[in-house]
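Report on the following structure.
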Amino acid sequence: MIDKVSMYYPRALHGDGGVTNSLWMWAESFRQAGVDVDVLYDPRPPIYAGRPVPPQVCVRPVTHYGQGRLAMPLNLARELDPSTLLILHSGYVVFNVVAAEVATRSGIPYTVMPHGAYDPHVRADRKSTRLNSSHITI
């Protein structure tokens with residue numbers, strides 16, 4: 115049984131997109147199941163005021179270097195506990211590759227939750243996957 119989960123996504127407190135919203139739904143579900151949850155994020159961008167943090171979920175800033183998609187966590191190992199499962203939100207982007215390497219070197223189990231990043235429909239040409247009214251039957 116998992117007793118503690120650390121969820122890592124640099125933009126966890128900075129946006130209102132699909133990955134961010136999914137992360138918070140997962141965090142709340144883990145808490146309701148009795149699992150301790152930490153959310154690790156990049157503190158540099160402004161915090162989105164509309165982002166409620168579920169009760170009893172701990173948010174912890176992690177120092178990063180680089181900007182945007184090239185932001186990478188520094189000293190992430192200090193934030194990880196050997197009894198914790200690290201969940202990396204988003205796909206195999208630079209910040210998650212670095213976090214996975216840190217976890218591996220620290221003996222921390224981790225998993226990647228890509229949230230559809232590799233779904234062929236998401237990656238396909240937008241024109242070919244766009245739904246239009248001619249595809250809808252009522």
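Sequential numbering from 115 applies to the sequence shown in the numbering used here.
Backbone N, C-alpha and C define an ideal beta-carbon position, used for all residues, glycine too.
Note that this is a predicted model, so its numbers are computed, not measured.
If you drop the 5 nearest sequence neighbours on each side, which residues of the same chain put their C-beta closer than 7 Å to that of residue i?
i	result
GLY131	none
Run through DSSP, which three-state label would residue i get?
i	result
ARG158	coil
THR243	Summary for THR243: the model assigns pLDDT 41, below 50, so the residue's position carries little reliability; its value from the coordinates is reported in the next sentence. Note: THR243 maps to helix in three-state DSSP.
VAL153	strand
VAL173	strand
THR134	helix
SER143	helix
VAL119	strand
LEU190	helix
LEU127	coil
VAL226	strand
Short check: CB of residue i to CB of residue j, under 8 Å?
i	j	result
ASN210	LEU202	yes
ALA217	LEU194	yes
LEU200	TYR122	yes
Residue i to residue j, Cα distance in whole Å?
i	j	result
ARG192	TYR224	15 Å
ASN246	HIS229	Note that ASN246 scores a pLDDT of 42, beneath 50, so its modelled location is shaky; the value from the coordinates is reported in the next line. Roughly 24 Å separates the two Cα atoms.
VAL208	SER120	18 Å
GLY129	PRO157	12 Å
TYR155	LEU137	11 Å
ILE116	ILE222	13 Å
TRP140	VAL167	12 Å
ILE161	ARG219	31 Å
ASN135	GLY205	15 Å
ARG145	MET227	18 Å
GLY164	LYS118	26 Å
VAL149	PRO159	28 Å
VAL176	GLU142	21 Å
On the CB-based measure, 16 or more other CB atoms within 10 Å of its CB, does residue i come out buried or exposed?
i	result
PRO196	exposed
ARG174	exposed
Can you give me the Cβ contacts of residue i inside the same chain, cut-off strictly under 8 Å, excluding the 5 residues immediately before and after it?
i	result
MET186	HIS178, TYR179, GLY180, VAL208, PHE209, VAL212
For a cutoff of 8 Å on Cβ pairs, would you count residue i as touching chain C?
i	result
ASP195	Within the model displayed, chain C is absent; a lone protein chain is all it includes.
In chain order, what residues of the same chain lie with their CB nearer than 6 Å to the CB of residue i, ignoring the 5 residues before and after it?
i	result
GLY84	An answer regarding residue 84 cannot be provided, because it is not within the stretch 115 to 252 covered by the chain.
CYS172	ASP152
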